[in-house]
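Engineer: My structure is below; once you've seen it, I'll send some questions.
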Amino acid sequence: RGSKGTDVTLAQKVVGTTADGDFGSATESAVAAWQAKYSVPVTKVVDNATWMRMIELKKVPTRYDKSPLNQYVGTTLKLWSRGTAVSALQKALGGLSVDGSFGPLTEARVQAFQKAKGLTVSGVADAAVWKALMG
Numbered sequence: 000r001g002s003k004g005t006d007v008t009l010a011q012k013v014v015g016t017t018a019d020g021d022f023g024s025a026t027e028s029a030v031a032a033w034q035a036k037y038s039v040p041v042t043k044v045v046d047n048a049t050w051m052r053m054i055e056l057k058k059v060p061t062r063y064d065k066s067p068l069n070q071y072v073g074t075t076l077k078l079w080s081r082g083t084a085v086s087a088l089q090k091a092l093g094g095l096s097v098d099g100s101f102g103p104l105t106e107a108r109v110q111a112f113q114k115a116k117g118l119t120v121s122g123v124a125d126a127a128v129w130k131a132l133m134g
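Have a look at this one:
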């Protein structure tokens, strides 16, 4: 609840509710019904399992399906995270050393990206950041 934007609009179209880009109670109910119908754990949020099922059913644009970043949509990265997902994030953001270590420079770059894309500025790379990087 409370999320806004083009990804919310897309999800709303898939689950069959008013596509106004604002994730409220009606969207939450529609997501739950869609999850139950398509054998996804009912969480009432468009989580990684739900998003992957939407892609599998060809309900979302293939740009997400074909992106090498798609595998990280369910991965949340924050200060001091390490690994290949961090390297992929650093490469996608650009302007960073690709070292696989989510330090203060990566955090600042994520914040700048979030601000530029109209996302909540947290410095945490969540599903919204990955989707914005893909789209």
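The numbering of the sequence shown is the numbering used here, which starts it at 0 and goes up by one. Using N, Cα and C, we set each Cβ at its ideal position, and we do this for glycine too.
Exposed or buried, E145, counting other C-beta atoms within 10 Å across all chains shown (16 or more means buried)?
Structural biologist: Any property of residue 145 remains undetermined from this structure, which presents the chain solely from 0 to 134.
Engineer: In this structure, what does DSSP give as the bridge partners for R81?
Structural biologist: Your numbering for residue 81 matches position 82 in the sequence shown. Paired residue(s): S100.
Engineer: Return the chain-ordered list of same chain residues with a C-beta closer than 7 Å to the C-beta of R82, the five sequence neighbours on each side being excluded.
Structural biologist: If you number the sequence shown from 1, residue 82 lands on position 83. Note on identity: in this sequence residue 82 is Gly, with Arg being the wrong assignment. If we look at G82 and ignore the five residues flanking it on each side, its Cβ neighbours are G99.
Engineer: Which stretch, first to last residue, makes up the alpha helix (DSSP H) that contains S28?
Structural biologist: Position 29 of the sequence shown, counted from the start, is the residue given in the question as residue 28. It spans 24-36 - the alpha helix (DSSP H) in which S28 sits, taken as one unbroken run.
Engineer: Report buried or exposed for S80, applying the criterion of at least 16 other Cβ atoms within 10 angstroms of its Cβ.
Structural biologist: Stepping through the sequence shown from its first residue, residue 80 is reached at position 81. Buried, by the Cβ-count rule.
Engineer: How big is the Cα-Cα spacing for K12 and S2?
Structural biologist: Translated into the one-based positions of the sequence shown, residue 12 becomes position 13. Translated into the one-based positions of the sequence shown, residue 2 becomes position 3. Those two C-alpha atoms are separated by around 15 Å.
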